[in-house]
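Peer 1:
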Amino acid sequence: MGLYVIIMGVQGAGKGTQAAYLQAEYSIPQVSTGDLFRAMKTRQDELAKRVQDLMNQGLLIPDDITNEVLQDRLEQPDAQNGAILDGYPRNIAQAEWLEAYLNGRGEQLGVVLLLELDAYEAFKRAFGRVKSSATGETYNIYSHNDGLTWETVDHPGGEYPPRLEVTDTRTGEKLIRRSDDEAVSVIKRIDLFRAETEPLVQYYREKGLLVSINAEQPINTVSIAIKDAIDRVVGA
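In the working numbering, the protein residues as written are 76 to 311.
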């Protein structure tokens, strides 16, 4: 049987880092629904055109099409031995569809990893991150901040809260921030994650599939805890 893993975690919990580790460790692909939808923009098949139509209208992708997009990906050759699911499922209906789909293939979900991170720590990891456009190096004003200075600047139109501006004092460069890392956007994403995830956490806990891991630990410590959890499943 293949190894099918769901990885969940609020922004800043290190999902991308840990998914990349799992991909290398177990030779199964990371399958992100966000990446799949972005890839649909350049495809010309019938499924892609249906997704493009919805996206062009600014509409949410319904569950049935989301499931179809995921199925299309899981049936690719590189996913025949399993996959790491990131950003899916987002609700109980999708979780039930996934279980039925895998069972229909003679497979089953192995483990659901919940990377737990305190809400304020999640806020700091997202709000504080900046990047050098010259070198590509990333920093965070709350942790990796040597040589950085920062200040809050009022938005031109007086919008609240103020904008964060960060300068590398060694070069004078104004470091760049993602537009969606402003405070209000970060808080909205944290609240949305909590609202979406709480029912799924309970759902998978009742099925005995949920493994919670403290994502405030060092990256390597988190990786070891994840590997231990998966190896218990693989060895079962």
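Beta carbons are placed, not taken as given, at the ideal position from N, Cα and C, and that holds for glycine.
With a cut-off of 8 angstroms on the beta carbons, I'd call Ile-82 and Leu-188 a contact; round off their distance for me.
Peer 2: Residue numbering aside, residue 82 sits at position 7 when the sequence shown is read from its first letter. Residue numbering aside, residue 188 sits at position 113 when the sequence shown is read from its first letter. About 5 angstroms separates the two Cβ atoms, so the contact holds.
Peer 1: Would the beta-carbon of Asn-220 fall within 8 angstroms of that of Arg-204?
Peer 2: Translated into the one-based positions of the sequence shown, residue 220 becomes position 145. Translated into the one-based positions of the sequence shown, residue 204 becomes position 129. No; because the gap between Cβ atoms is not below 8 angstroms, this pair is not in contact.
Peer 1: Within 10 Å of its beta-carbon, does Thr-141 have 16 or more other beta-carbons around it, so buried, or fewer, so exposed?
Peer 2: The sequence position of residue 141 within the sequence shown is 66, counting from 1. By the neighbour-count rule (16 or more Cβ atoms within 10 Å), Thr-141 is buried.
Peer 1: Tell me the residue span of the alpha helix (DSSP H) that contains Met-130.
Peer 2: Locating residue 130 in the sequence shown gives position 55, counting from the first residue. Run containing Met-130: 121-131, per the alpha helix (DSSP H) assignment.
Peer 1: With DSSP run on the structure shown, which of helix, strand or coil describes Gly-91?
Peer 2: Sequence index remark: in the sequence shown, residue 91 carries index 16 (1-based). Helix at Gly-91.
Peer 1: Give the DSSP bridge partners of Asp-161, in chain order.
Peer 2: The sequence position of residue 161 within the sequence shown is 86, counting from 1. Note: Asp-161 sits in a beta bridge opposite Ile-82 and Ser-107.
Peer 1: Could you check if Gln-86 is buried or exposed, using at least 16 other CB atoms within 10 Å of its CB as the buried criterion?
Peer 2: Indexing the sequence shown from 1 puts residue 86 at position 11. Buried, since its Cβ has 16 or more Cβ neighbours within 10 Å.
Peer 1: Nearest to Gly-115 by CA position, among Lys-263, Ser-218, Thr-92 and Leu-145, is which residue?
Peer 2: Walking along the sequence shown from the start, residue 115 turns up at place 40. According to the sequence shown, residue 115 is Met rather than Gly. Cα-wise, what sits closest to Met-115 is Leu-145.
Peer 1: Hey, Glu-212 and Gly-77 are a contact pair by Cβ (cut 8 angstroms); roughly how many whole angstroms apart?
Peer 2: Within the sequence shown, residue 212 is the residue found at index 137, counting from 1. Within the sequence shown, residue 77 is the residue found at index 2, counting from 1. That pair is no contact at about 37 angstroms.
Peer 1: Would you kindly work out how many angstroms separate the C-alpha atoms of Thr-246 and Gly-89, rounded to a whole number?
Peer 2: Your numbering for residue 246 matches position 171 in the sequence shown. Your numbering for residue 89 matches position 14 in the sequence shown. Distance between the alpha carbons of Thr-246 and Gly-89: 29 angstroms.
Peer 1: Classify Gly-84: buried if its beta carbon has 16 or more other beta carbons within 10 angstroms, exposed otherwise.
Peer 2: Locating residue 84 in the sequence shown gives position 9, counting from the first residue. Looking at its Cβ environment, which holds 16 or more other Cβ atoms inside 10 Å, Gly-84 is buried.
Peer 1: Could you tell me the distance, in whole angstroms, from the CA atom of Asp-243 to the CA atom of Thr-227?
Peer 2: Your numbering for residue 243 matches position 168 in the sequence shown. Your numbering for residue 227 matches position 152 in the sequence shown. Their backbone Cα atoms lie some 15 angstroms apart in a straight line.
Peer 1: Taking its Cβ as the centre, do 16 or more other Cβ atoms sit within 10 Å of Val-241, making it buried, or is it exposed?
Peer 2: To locate residue 241, count along the sequence shown from 1; it is residue 166. So Val-241 counts as buried.
Peer 1: Go through its chain and collect everything with a Cβ distance to Glu-143's Cβ below 8 angstroms, but skip five positions before and after it.
Peer 2: Numbered from its first residue, the sequence shown carries residue 143 at position 68. So the list reads Leu-122, once near-sequence residues are dropped.
Peer 1: Nearest by alpha-carbon distance to Ala-258: which of Leu-267, Arg-238 and Glu-291 is it?
Peer 2: Residue mapping note: residue 258 aligns to position 183 of the sequence shown, counting from 1. The shortest Cα separation from Ala-258 among Leu-267, Arg-238 and Glu-291 belongs to Arg-238.
Peer 1: When the Cα of Gln-151 is compared with those of Ile-288, Asp-256, Val-106 and Leu-284, which residue comes out closest?
Peer 2: Here residue 151 refers to the residue found at position 76 of the sequence shown. Answer by Cα proximity: Val-106.
Peer 1: Classify Gln-93: buried if its beta carbon has 16 or more other beta carbons within 10 angstroms, exposed otherwise.
Peer 2: For the purposes of this step, residue 93 is taken as the residue at position 18 of the sequence shown. Answer is buried; the Cβ neighbour count reaches 16.
Peer 1: Can you list, in chain order, the residues of its chain with a C-beta nearer than 7 angstroms to that of Ser-287? Leave out the 5 residues immediately preceding and following it.
Peer 2: Here residue 287 corresponds to residue number 212 of the sequence shown, with the count starting at 1. Correct list, in chain order: Leu-189 and Glu-191.
Peer 1: Mind checking who Lys-249 pairs with in its DSSP beta bridge?
Peer 2: Looking up residue 249 in the sequence shown gives position 174. Paired residue(s): Thr-242.
Peer 1: Run the CB neighbour count on Ile-251, radius 10 Å, all protein chains shown included, and call it buried at 16 or more, exposed below.
Peer 2: Along the sequence shown, read from residue 1 onward, the residue named residue 251 stands at position 176. Exposed, since its Cβ has fewer than 16 Cβ neighbours within 10 Å.
Peer 1: Under a three-way DSSP split, which group does Asn-156 fall into?
Peer 2: By 1-based counting over the sequence shown, the position of residue 156 is 81. Coil at Asn-156, not helix or strand.
Peer 1: Could you round the C-beta distance between Leu-184 and Leu-284 to whole angstroms and report it? I think they count as a contact, below 8 angstroms.
Peer 2: For the purposes of this step, residue 184 is identified with residue 109 of the sequence shown, where counting begins at 1. For the purposes of this step, residue 284 is identified with residue 209 of the sequence shown, where counting begins at 1. Confirmed, Cβ separation roughly 6 angstroms.
Peer 1: Measuring CA to CA, which of Asn-131, Asp-153, Tyr-163 and Gly-157 is closest to Asp-139?
Peer 2: In the sequence shown, counting from the first residue as 1, residue 139 sits at position 64. Cα-wise, what sits closest to Asp-139 is Tyr-163.
Peer 1: Quick one: Cα of Asp-229 to Cα of Lys-124, how far?
Peer 2: Position 154 of the sequence shown, counted from the start, is the residue given in the question as residue 229. Position 49 of the sequence shown, counted from the start, is the residue given in the question as residue 124. Going from the Cα of Asp-229 to the Cα of Lys-124 covers about 42 angstroms.
Peer 1: For the beta strand (DSSP E) containing Ser-287, name the first residue and the last one.
Peer 2: The count along the sequence shown starts at 1 and reaches residue 287 at position 212. Where Ser-287 is concerned, the enclosing beta strand (DSSP E) stretches over 285-289.
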